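Residue numbers for the sequence shown follow the working numbering, so the first one is 1099 and each next one is one higher.
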Amino acid sequence: MKVRSRTLRLVLVVAAVLLLGGGSLGYVLHARQRDQPPQQVAADASFTLAEPGLYFRDEATGRIARQPGGRTPRLTGGPSCDRFYAAGERALCLRKLPGVPARTQAVVLDRRLKEIRRVAVAGIPNRARVSASGQVLSWTTFATGDSYATSAFSTRTAILNLRTGDLVKSIEDIPLTIDGARYHAPDVNYWGVTFARDDNRFYATVSSKGRTHLVEGDLRRWSAKALRTNVECPSLSPDNTRIAFKKKVSDDPKSPWRLYVLNLADLREHPVAETRSVDDQAAWLDDTTLAYALPGSDGRRSDIWATPADGTGTPRLTVAGGSSPGAVH
């Protein structure tokens, strides 16, 4: 009976993902189909973040790899992670732990990819971000068990400040303003945090009552306000002037999203040249180029593509068999 019960819970989790209606659900389903390494391993001693390049999760091994640029082949040997991001002096590695209910390890690493802190949280790994300084980190997991959710499924988004040591395991209780008024609802969910260079301002998606909003948050004041609707998985440009995001443009479950860029000065938006449905939190390789994961031709592993952020150009395949892209300079 215990085995049947655990199997049923796994089925319910996957079914709930389909019902949630946002928040990069495709990644969760895709992650369950990928080949997983037999065990979690640390980085090889020679593999560090000292060299610039595109760092990403190698889908074949589950370990972090680096693409130096040009025709140079990828270099492997990083730690095993389900989600990864690096900036400044720190990296964040999310690892799904075995067993039921689903649990995740959020592992903070230094530039040598040596562990400096570990936090265990509920749910399935989904999003990872590090501020430009490396001092503020955030992760999102999909979790089960909220009584308000008819699907029994929701998100958990945490923020860790390494300068102060403060850890907020769920930012759901941050005072939120929508349309100029304080907003209260039992179904508020946050995901996809991205940080400004000042390590105080941040952006994220908040979902409630079937709508998604882009919110701007203030860590010191511990407050958040909605800026506009239909914005998911924001990613702030290095110059802090634009946000790349996925926008729902269709009810077709096979192609609901389109990648857009929002100008924060006037809140005007434009689509990028990528016309396929992008269910990912795009990463800025620099101030002009976005990288993101799309399902590979084999239907199991992801590929990393890049496209200009200004809407011109043509998407190009950057890494075959990769996910969680992030540029280290």
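Virtual Cβ for every residue (Gly too), placed ideally from N, Cα, C.
Computed from a predicted model, the values in this text were never measured in an experiment.
The distance from the Cβ of V1205 to that of R1188 is about 11 Å, inconsistent with a contact at the 8 Å cut-off. Straight-line measurement puts the Cα of L1207 at about 28 Å from the Cα of K1344. In the assembly as shown, I1162 is a buried residue. Its beta-carbon has 16 or more other beta-carbons within 10 Å. Rounded to whole angstroms, the Cβ separation of L1388 and A1407 is 5 Å, and the two are in contact under 8 Å. In the DSSP annotation of this structure, the continuous segment of the beta strand (DSSP E) that includes I1341 starts and ends at R1340 to K1346. Spanning the alpha carbons of L1211 and N1361 requires a straight line of approximately 34 Å. Per DSSP, K1267 lies in no beta strand (DSSP E) segment and is marked neither H nor E.
Residue state for H1368 is assigned as strand, using DSSP reduced to three classes. A direct Cα-Cα distance of roughly 6 Å separates D1385 from S1335. For E1213, the enclosing beta strand (DSSP E) begins and ends at E1213 to A1220. For R1398 and T1405, the gap between their C-alpha atoms comes out near 22 Å.
Under the three-state reduction of DSSP, E1314 is assigned to strand.
Cβ contact annotation for G1290 (same chain, cutoff 7 Å, sequence separation greater than five): R1225, T1238, A1302, T1303, E1330, C1331, P1332 and Q1379, in chain order. Sequence-distant partners of V1286 (beyond 5 residues in either direction) whose C-beta falls short of 8 Å from its own C-beta, in its chain, are E1270, L1274, V1304, S1305 and S1306. Per the coordinates, the alpha-carbon of V1359 lies some 16 Å from the alpha-carbon of T1310. In terms of Cβ geometry, L1312 and A1322 do not form a close pair [threshold 8 Å].
Per the coordinates, the alpha-carbon of R1164 lies some 6 Å from the alpha-carbon of F1154. Leaving aside the five residues that flank F1145 on each side, the residues in its chain whose CB is nearer than 6 Å to its CB run, in chain order, G1175 and G1176. The beta-bridge partner set that DSSP reports for V1376 is empty. Along the region 1163-1211, the beta strand (DSSP E) occurs as fully enclosed runs of 3 or more residues at 1181-1185, 1188-1195 and 1201-1207, listed in sequence order.
Around the C-beta of G1315, 16 or more other C-beta atoms lie within 10 Å, and the residue is accordingly described as buried. Assignment of K1323 by DSSP, reduced to helix, strand and coil, places it in the strand class. Assignment of L1362 by DSSP, reduced to helix, strand and coil, places it in the coil class. One Cα belongs to A1418, the other to F1240, and the distance between them is close to 26 Å. At least 8 Å separates the beta-carbon of V1370 from that of A1184. Closest option to L1195, judged by alpha-carbon separation, among R1181, I1222, F1182 and R1209: I1222.
From the listed residues W1382, V1347, L1415 and G1411, the smallest Cα separation to S1229 is found for W1382. Shown here for E1213: same chain residues with a beta carbon closer than 8 Å to its own, the five before and five after excluded, namely A1140, V1205, V1206 and L1207 in chain order. Of the candidates Y1288, N1298 and I1272, N1298 places its Cα closest to the Cα of Q1233.
Rounded to whole angstroms, G1263 and L1235 show a C-alpha spacing of 11 Å.
For A1143, the three-state secondary structure derived from DSSP is coil.
Straight across, the Cα-Cα distance linking T1373 with D1401 is about 16 Å. In the structure shown, the three-state DSSP call for S1252 is strand.
The shortest CA-to-CA distance from T1255 to any of T1292, R1172 and I1276 is the one to T1292.
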